[in-house]
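In my numbering, the protein residues as written are 105 to 183. Reading through the structure tokens given below for one structure.
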């Protein structure tokens with residue numbers, strides 16, 4: 105469903121913007137936090153505030169992944 109909701113964004117992407125979205129990566133501090141929270145989640149030791157932060161980061165990651173897929177399609181198709 106998220107993919108369909110974001111279809112209009114694909115239609116607005118220039119090649120330059122699509123390339124920047126496709127290349128988007130978490131900065132080292134954010135990635136370290138995500139890795140730490142993921143490990144604690146596996147171990148079942150997340151506090152309630154850590155769980156909320158982790159879930160938020162996972163949701164943001166899913167949104168970014170969909171946007172990146174759309175950006176890669178724009179770059180591949182020349183749209």
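Backbone N, C-alpha and C fix where the C-beta goes; we use that ideal spot for every residue, glycine too.
- Burial check for residue 117: the Cβ neighbour count within 10 Å reaches 16 or more, so the residue is buried.
- Shown here, residue 136 sits in a helix according to DSSP, grouped into three states.
- In this structure, DSSP gives residue 111 a helical state, which the three-state scheme calls helix.
- By the neighbour-count definition (other C-beta atoms within 10 Å, threshold 16), residue 128 is an exposed residue.
- Not a single unbroken stretch of the beta strand (DSSP E) spanning 3 or more residues falls wholly within the region 127–171.
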